[in-house]
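Notes follow once the structure below has been shown.
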Amino acid sequence: MDAAIIVAKQCVVMLIFMFVGAALYKGKKINKDGNVQIAKLLMTAVIPCMLVDATQVERTAERTRGFLVAIALGCAAHIIGIVLERVVIGRRDGGEERKIAGFGVIYSNAGFMAIPLIRAAFGEEAAFYAVAYLLMFNLFSWTQGIALLSGGVKGISLKRMFLNPGVIGVTLSVVFYLTGVRLPELIATPISAIGGMNTPLAMIICGMFAAQANLTQCLKNKMTYIVGALRLLAIPITVMLLYKAAGAVIGGNEELRMIMSVSVISASCPVAVATSFMPAGLGMNGEKASGFIVITTLVSLITIPLLVYVNSLF
3 MDAAIIVAKQ CVVMLIFMFV GAALYKGKKI NKDGNVQIAK LLMTAVIPCM
53 LVDATQVERT AERTRGFLVA IALGCAAHII GIVLERVVIG RRDGGEERKI
103 AGFGVIYSNA GFMAIPLIRA AFGEEAAFYA VAYLLMFNLF SWTQGIALLS
153 GGVKGISLKR MFLNPGVIGV TLSVVFYLTG VRLPELIATP ISAIGGMNTP
203 LAMIICGMFA AQANLTQCLK NKMTYIVGAL RLLAIPITVM LLYKAAGAVI
253 GGNEELRMIM SVSVISASCP VAVATSFMPA GLGMNGEKAS GFIVITTLVS
303 LITIPLLVYV NSLF
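Take any residue in the sequence shown, note its place counting from 1, add 2, and you have its number in our numbering.
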């Protein structure tokens, strides 16, 4: 219950950031070009710094085992998303919108939202395990995700897959941890400060998306409800039940339960902002994702605390 209350409070803070973003856009202080530039800053600098900062911890055998478990859980969560997307959306006609909706169902906004929520609920140690989920996010989104959007494996670019800020950030963070490299304070301090900008900037961007989107039109789109139901309820609930069943079979201590909770929160996040940027990079209309991102982000501020509460009951 305590974790759910903490997460709920953090969600209110995120909502305030969204209002700031919406006000800046509506007040014409920032336009669409500025929104794109802030998003690029977030993707190329802030998130990699946040990932590196989260893994600047002492390497221990227990922590390494936990990280491997977190990778397995993150992999399972994405496979569940892929299966549910295929069953519910994958067989529908609809061209670009269907592909973009499918991507949004599978890939959550864990990079922008999960780590601050996890830090608030479980502390700095838990943020380390959230990196494992993001490792799986980058692996799957730049392979299966690109194949889904482009209509086949031919669309996968090894250069884009390995030389993008998300993958570089995750790779550096894991390498630093495994090799025991600890950055000197002169470097670690600015990296930590830049990484700390993640939540405000990410939610301000979401607020700008909300200000640009035609919410009435979004709510009239049947696909919005399908994406929302899968992304915010079906996938995280299935993930939660799978983890609980696995925990009942293999047993587990407090550390394992915490790692499972980290993965549940990551899987409970709304449609990834990448659902807009990645299709645009493939020549698709990325703005079709705006409604999915905005509606699921707003609703997730209610569903995430509820799911955290349910997860704490058993």
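Quick reminder that beta carbons are idealized off the backbone N, C-alpha and C, glycines included.
If you check the CB distance, I120 and I267 come in under 8 angstroms. Per the coordinates, the alpha-carbon of L244 lies some 10 angstroms from the alpha-carbon of P238.
Secondary structure note for G125: it is in no alpha helix (DSSP H), with a DSSP letter that is neither H nor E. Across the set G92, P202, M260, the C-alpha of M260 shows the shortest separation from the C-alpha of F69.
Contact check between the segment 52-66 and the segment 186-193: three or more CB pairs, one atom from each, fall below 8 angstroms, which counts as touching. A direct Cα-to-Cα measurement between A231 and L185 gives close to 42 angstroms.
Taking C13 as the centre and dropping the five residues before and after it, the same chain places the C-beta of L303, I306, P307 closer than 7 angstroms to its C-beta, in chain order. Non-local beta-carbon contacts of E99 in its own chain, meaning distances under 7 angstroms to residues more than five positions away in sequence, involve M225, K290 in chain order. In the DSSP assignment, V14 falls within the alpha helix (DSSP H) that extends over 4-28.
Under the 8 angstroms Cβ criterion, the segment 74-92 counts as touching the segment 134-147, having at least three qualifying pairs.
Beta-bridge partners assigned by DSSP to S110: V273. Shown here for C220: same chain residues with a beta carbon closer than 6 angstroms to its own, the five before and five after excluded, namely T226, G293, I297 in chain order.
Assignment of P202 by DSSP, reduced to helix, strand and coil, places it in the helix class. The Cβ atoms of F114 and A204 lie closer than 8 angstroms to each other. Between T201 and F21, the C-beta gap is not smaller than 8 angstroms, which leaves the two residues out of contact. Listed in chain order, the alpha helix (DSSP H) runs fully inside the segment 209-235 are 217-222, 224-231, counting runs of at least 4 residues.
Note that the C-beta distance between L151 and F105 is below 8 angstroms.
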